[in-house]
Structures are given as structure tokens and as C-alpha cells.
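A.B. asks: Before anything else, here's the structure in question.
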Amino acid sequence: MAARNQRTHSKKPSGHTVRRKAPAEKIPVSLVFDSLPDATFAIDREGTVTAWNRAMEKSTGIMAADIVGKGDYEYALPFYGRKRPLLIDLLDEPDEKILAWGYTSLRRKGDALMAENPTINPDNTRRVLWGLAAPVFDGNGNRIGAVQSIADVTRRWERETALGNSVQKFREILDNIGTATVIIEEDDIISFVNPEFGRMLGYVREEIEGRKKWMEFVIPDDVRFLQKHARIDSLKSDGPARYEARIIRWDGDVRNALLTITQIPGTLKLVVTILDITDKIRAETAVQTANRKLNFLNQIIRHDILNQLTVLKGTLDLARARNTDPALQEELDREMAATNAIQALITFTRDYQDIGIEPPEWQDVRQSVMNACRWIRLGDVAVTVGIEGVEIYADRLLSSVFLHLIENAIQHGRRTTKVRIYCQESFEELHIICEDDGIGVPRDVKEKIFIRKFFNRTGLELYLAREILSITGIAIRETGTYGEGACFEIRVPKGAYRFVTAQQ
0 MAARNQRTHS
10 KKPSGHTVRR
20 KAPAEKIPVS
30 LVFDSLPDAT
40 FAIDREGTVT
50 AWNRAMEKST
60 GIMAADIVGK
70 GDYEYALPFY
80 GRKRPLLIDL
90 LDEPDEKILA
100 WGYTSLRRKG
110 DALMAENPTI
120 NPDNTRRVLW
130 GLAAPVFDGN
140 GNRIGAVQSI
150 ADVTRRWERE
160 TALGNSVQKF
170 REILDNIGTA
180 TVIIEEDDII
190 SFVNPEFGRM
200 LGYVREEIEG
210 RKKWMEFVIP
220 DDVRFLQKHA
230 RIDSLKSDGP
240 ARYEARIIRW
250 DGDVRNALLT
260 ITQIPGTLKL
270 VVTILDITDK
280 IRAETAVQTA
290 NRKLNFLNQI
300 IRHDILNQLT
310 VLKGTLDLAR
320 ARNTDPALQE
330 ELDREMAATN
340 AIQALITFTR
350 DYQDIGIEPP
360 EWQDVRQSVM
370 NACRWIRLGD
380 VAVTVGIEGV
390 EIYADRLLSS
400 VFLHLIENAI
410 QHGRRTTKVR
420 IYCQESFEEL
430 HIICEDDGIG
440 VPRDVKEKIF
450 IRKFFNRTGL
460 ELYLAREILS
470 ITGIAIRETG
480 TYGEGACFEI
490 RVPKGAYRFV
500 TAQQ
């Protein structure tokens, strides 16, 4: 153990010698030039070729030995089929003269000059050459010539041209689409607006494109919501995401808008279409306000009618109690039955005056059934619900539908002892089944039970159930076998139902 803890030291021999590294061997400039991957050549001040690298040999098919020492624009022949100045010869010329030789995309960076030059091959095909030229100086700063690299960028140019044409066509489509449309970059800058957007908000295109972010056109509360959800939802979804938001015109007027947001494939750019729904919302609000006023008026009228019916029923009860004439008694009974029917109808309008007044909402099916059961005298009838984590988009009176179905089973099933409610998903819809073990519904009245005129036998409940469900496109039908029990099948279309977890 002691030996392990001892540190050992190696001593250098006293007679050792230290060898210094030899200076790195310099690589000849000509070797570096010849190894450049880009086709490159050099000329002296007289325009005579002094260097022609291997990449240039491969690109042109002309060997260095055949061109070095030549001048008079001989080096232009492989590229243009004629003698003419290249960028290497135009370094000191003004941009106008360079452009006159057909160069495009001209850029200067220090002494260097970059440009592209579209040209036509002998076979009439287009060719685009890219060039980078710069002067060459000696150790004293004296200019002794120039160097140029040349690359064939025809394919890239064709791709960019095709893309540019596609973008132009895309812009033309958006300009004439008739719907306000913008393109938003990853940094939230609006890079494109069509004329309809300008008309909607009172701006011209030049005031917005590349200058403003989309948040400047949305009220702050809605900005926070959209920042949290819009881009994330559009990236997750296979289709467009839709939101309602309030947008601001140039004069400060706030408009209600429906935004449809789609991600451009392969990018983080968003295409947003904006539909002004201000008038629609105002109309809906006006209708809702009118309906509420009518409902309030109806409440007053119903209250007065029910009071008068109470007086009428009391009077009829007294008349029936005092009457001794059998013929008159039948008349009084019919009057009482009619009075009760009127009272039932008035009560019905009171209980269901709000159908369709409030917007539909997502509702848990199981909870709706359980809420309905609280208002029913079940007696010996057992109700089982085999549904968990299912929501449907329906009118807020959804619980009343299940209340009517269960009450119908108890009142008209004659021998009902159990009611079972469960669901099955098919390819295009969800089926919610409410079945019982009562006597069932005869074949000839399966559809009639949902008709309002049939209410003398079944009441208005089933008619009402169908009306409540139809508000959001949900259908109901009776599919049971007479003698074995009733079976009501609620058919919920795709998009009007969803499965949720406890966390959601």
C-alpha cells in the first residue's frame, strides 16, 4: 500500500538535446492556384494569359500549354465563341459600361467585381456564366495583373427563374383572389399584401410590405392569443387553422375578422387570409337581442295566460263538482281536457324557449345523461351509461334530449326495466345508442313519433329532441325491433364529436 501512494518522477538525462522544428516548407503559389476547385485564370497588365488552372482545363477542354502567353481576349473564345472583354478586363470600367456587355447581378466588394452573364450557345440553348474578378498586386502594392474565376450557373439560374415565375404567378393569383391575403415571414414581418387587404384596412402596399409586423394590425388581447396558438397550430395541423380576431383599420376603427392561417410547405412562412365578418356578427347580435326581447315578452304573456288558465280550471272544477247532468258532465270533461292541453303547450314553450338562442358548445355526453337522470323518477328502471371521454358539439339543451329519451322509455315502454346508453364509431360518424327492454315502437310509426302532429300520442318530446340535435347537424332515428324494445340511434357527423382525456 505504501508503495502505491508514492509518486515516481522520471528524470531527463542530463545530456539530452532539444531539437527545434524545422520551418514549414512554403507551398508554391502556382501549386495553390492550380489546385483551386473553381475554373480560374490570370492575366498580366497587357492582357496576356499567365496562368490557367486544371479546373479551367477541365471546364473548357483547353490545356494551359495551349493558351498561356496568348492575349487579345483569346480566353473568351471557350465561353462566348468570340473574342470579347470579360470581367477581368472591366475592373476599372463604370457599372454602366459593364452592364452594356450583358452582365447582370453586378456587385462590387472592395476591388473585387462579381456578376452574371446570360449568353446563347451555338445550339441556341441558354447559358449563364458567373464570374468573380479581382486585381493582383506585387509586394510593393503595384498592380501587375488580374485573376478571374468562372462558373456555369445555368441550372441554378433556371431554378431561380422558375421559382421567380412561380412566385410571380402566385402573387398575381393572390392579387386577384378577392380575399384579403398576406404572407408573414418567420420574424413576423409582412412580406406581401394583396390589394384587397389594403382596401380593407385603408393602406397601400408600400406602407406594409417589409415594414410592418402583423401584430400592428390586431388588438393587443387577440395578439397574445394568436402568438400563443396560431403558428403552433398551423405547424401541427395538416390543414389551415382558423381564428376570429379583431383587426385595426388605419383610422382606428376595429373590425371583426375570420383568419385562415396556412404554413407554406418547407418554410416557416404563413399565408393568412382575412374575411371581414363585422356585419355578420352585428346581424347575429341584433337577432340575439331581438330574440331575448321576444322571449321576455313571451314570458310576460305566458305568465298571464297561465294565470287565466288557473282561473278557468278552477271554475271548471267547481262546475263539474256541482253538475248532476251526465250529458253536461261530458262537455265539462272535454273542456277540462282542452284546458289541460293548452296549459301543457304553454308550459312547453316556457321550458324550451331558448332552443338555438345561445351558440352550441362542446358537451360531455356522459355528464349530459347524468344531468338528465337527476330530473327523472326512475323507479325500478336501471339506467347504465357506457360512454367515457366523449364530447359532442350540440345545443345547450342536449341534456333535455336524453331526458326525453329516457322518459319515453319509461312512459311508453310498458314493461321497461333497464335503459342502456353507449356509443359506436363508424368510418364517418359516431352513433350514440339509447336502447331499452320495453315493448318497442311499431314499424309503421318509427318516423311518425318525431313528427309534431303526432304529439297527442307521444307528446312533443321526441319532436323537440330531433330539433335540438339538428341545430348542429346531428340526426336521430328509431331502429329497434317491435316487441324487443326501442332503440334510438343518434348519429353525430365527423367534426361534431371528439374524444378527450381526463387532462384535457
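Take the sequence shown: its letter number 82 is residue 81 in numbering that gives the first Met the number 0, and every next letter is one higher. Cβ atoms here follow ideal geometry from the backbone N, Cα and C, with glycine treated the same way.
Which residue from 346, 187 and 467 puts its Cα closest to that of residue 210?
C.D. replies: Nearest C-alpha to residue 210: 187.
A.B. asks: Hey, could you find the ends of the beta strand (DSSP E) residue 420 is sitting in?
C.D. replies: Its beta strand (DSSP E) spans residues 417 to 424.
A.B. asks: Can residue 272 and residue 179 be called in contact, C-beta distance under 9 Å?
C.D. replies: Yes; because the gap between Cβ atoms is below 9 Å, this pair is in contact.
A.B. asks: Who are the near neighbours of residue 221 in its chain, counting only those whose CB is closer than 6 Å to its CB and skipping five residues on each side?
C.D. replies: Cβ within range, chain order: 244 and 245.
A.B. asks: Specify, as a first and last residue, the run of the alpha helix (DSSP H) that residue 79 falls within.
C.D. replies: Where residue 79 is concerned, the enclosing alpha helix (DSSP H) stretches over 76 to 79.
A.B. asks: Residue 462 lies in the alpha helix (DSSP H); which residues open and close that run?
C.D. replies: Segment 460 to 469, the alpha helix (DSSP H) holding residue 462.
A.B. asks: Find out if the Cβ-Cβ distance for the pair residue 78, residue 52 is shorter than 9 Å.
C.D. replies: No.
A.B. asks: Assuming residue 256 contacts residue 275 (C-beta within less than 8 Å), just tell me the rounded distance between them.
C.D. replies: Residue 256 to residue 275, Cβ: 6 Å. Contact.
A.B. asks: Rounded to a whole number of angstroms, what is the C-alpha to C-alpha distance between residue 152 and residue 101?
C.D. replies: Roughly 15 Å between the two C-alpha positions.
A.B. asks: Roughly how many angstroms separate the alpha carbons of residue 280 and residue 293, rounded to a whole number?
C.D. replies: If I take the Cα positions, the gap works out to 20 Å.
A.B. asks: Counting C-beta neighbours from all protein chains within 10 Å, is the total for residue 461 16 or more, i.e. buried, or is it exposed?
C.D. replies: By the 10 Å Cβ count, residue 461 comes out buried.
A.B. asks: Answer yes or no: do residue 420 and residue 401 have a C-beta to C-beta separation smaller than 9 Å?
C.D. replies: Yes.
A.B. asks: Counting only beta-carbon atoms, is residue 66 nearer than 9 Å to chain D?
C.D. replies: No chain D appears in this structure, which consists of one protein chain only.
A.B. asks: Who are the Cβ neighbours of residue 367 in its own chain at under 7 Å, not counting the five residues just before and after it?
C.D. replies: Excluding positions up to five away in sequence, the list reads 397, 398 and 401.
A.B. asks: Compute the Euclidean distance between the alpha carbons of residue 213 and residue 183, then round it to the nearest angstrom.
C.D. replies: Roughly 7 Å separates the two Cα atoms.
A.B. asks: How many whole angstroms separate the CB atoms of residue 41 and residue 135, which I take to be in contact at a CB cut-off of 8 Å?
C.D. replies: About 7 Å; that satisfies the 8 Å criterion.
A.B. asks: Put residue 325 into one of helix, strand or coil per three-state DSSP.
C.D. replies: Helix at residue 325.
A.B. asks: Looking at residue 550: is its Cβ nearer than 9 Å to the Cβ of residue 63?
C.D. replies: The structure shown does not extend to residue 550, since the chain spans only 0 to 503, so no value can be given for it.
A.B. asks: Can you give the beta carbon distance from residue 148 to residue 130, rounded, assuming they're within the 8 Å contact cut?
C.D. replies: Contact flag correct, Cβ pair sits at about 7 Å.
A.B. asks: Can you give the Cα-Cα distance for residue 391 and residue 307, rounded to whole angstroms?
C.D. replies: About 41 Å.
A.B. asks: Rounded to whole angstroms, how far is the Cβ of residue 471 from the Cβ of residue 359, which I believe are closer than 8 Å?
C.D. replies: Yes, they are in contact, since the Cβ atoms of residue 471 and residue 359 sit about 5 Å apart, within 8 Å.
A.B. asks: Sorted by chain position, which residues of the same chain lie with C-beta nearer than 7 Å to residue 449's C-beta, five sequence neighbours on each side aside?
C.D. replies: The residues are 461, 462 and 465.
A.B. asks: Considering residue 360, what are the terminal residues of the beta strand (DSSP E) in which it resides?
C.D. replies: 360 to 363 is the extent of the beta strand (DSSP E) around residue 360.
A.B. asks: Can you tell which of 138, 374 and 191 has its C-alpha closest to the C-alpha of residue 171?
C.D. replies: Looking at the Cα atoms, 191 is the closest of the given residues.
A.B. asks: Can you grab the Cα-Cα spacing for the pair residue 96 / residue 82, in whole Å?
C.D. replies: Cα-Cα distance, rounded: 17 Å.
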